[in-house]
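Engineer: Just dropping this structure here.
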Amino acid sequence: MTAEVHISSLVVYCANQAISQTKQAILKRPNSQIFGENEHGKLVVVLEADTPGVLCEEIERIQSLPHVHQAVLVYHQITPNDDSLDQLLSHSVGDL
199 MTAEVHISSL VVYCANQAIS QTKQAILKRP NSQIFGENEH GKLVVVLEAD TPGVLCEEIE
259 RIQSLPHVHQ AVLVYHQITP NDDSLDQLLS HSVGDL
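Taking this note's numbering, the leading residue of the sequence shown gets 199, the next gets one more, and so forth.
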């Protein structure tokens, strides 16, 4: 298990006639969610990964989907993994 979790949100622009198809392709990927969309082909996607490299690979996969015009990163957060945070706190308290 990794010590951190990377969470990013993207705005994905796709062809209007391929919104459903694009959403299905994105949701097939692990740790991918869609939080919004409009009829003009704009999707709000949230991705979660253990490393920045995996996150970049997922963004590239989305960008290479048929009918996707653009995928733009709008937010990236790095948070401690809950288990690693618990371990850190238990060691810190034990060291006092």
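All C-beta atoms, glycine included, are put in the ideal place defined by N, C-alpha and C.
Classify Ser-207 as helix, strand or coil using the three-state DSSP reduction.
Structural biologist: DSSP places Ser-207 in strand when its eight states are reduced to three.
Engineer: Give me the Cα-Cα distance between Ile-205 and Lys-221, rounded to the nearest whole angstrom.
Structural biologist: In a straight line, the C-alpha of Ile-205 is about 19 Å away from that of Lys-221.
Engineer: Compare the Cα-Cα distances from Gln-275 to each of Ile-232, Pro-250, Tyr-211 and His-238 and report the closest residue.
Structural biologist: Nearest option by C-alpha distance: Pro-250.
Engineer: Closest to Asn-229 by CA distance: which of Ile-257, Val-272 and Lys-240 is it?
Structural biologist: Checked all of Ile-257, Val-272 and Lys-240; the closest Cα to Asn-229 is Ile-257.
Engineer: Is the CB-CB distance between Val-154 and Val-210 below 8 Å?
Structural biologist: Outside the displayed span of the chain (199 to 294) sits residue 154, for which this structure offers no information.
Engineer: Which stretch, first to last residue, makes up the alpha helix (DSSP H) that contains Glu-235?
Structural biologist: Taken as a continuous stretch (DSSP letters only), Glu-235 belongs to no alpha helix (DSSP H), being part of the beta strand (DSSP E) at 230-235.
Engineer: Leu-225 and Val-270: beta carbons closer than 8 Å?
Structural biologist: No, they are not a contact pair.
Engineer: Within 10 angstroms of the Cβ of Val-272, are there 16 or more other Cβ atoms? Answer buried if so, exposed if not.
Structural biologist: Exposed, because fewer than 16 other Cβ atoms sit within 10 Å of the Cβ of Val-272.
Engineer: Need the endpoints of the alpha helix (DSSP H) that Ala-223 sits in, please.
Structural biologist: Here the alpha helix (DSSP H) through Ala-223 covers 217-225.
Engineer: Can you tell me which of His-265, Thr-277, Pro-278 and Asn-279 puts its alpha carbon nearest to the alpha carbon of Asn-214?
Structural biologist: Comparing Cα-Cα distances from Asn-214 to each of His-265, Thr-277, Pro-278 and Asn-279, the minimum goes to His-265.
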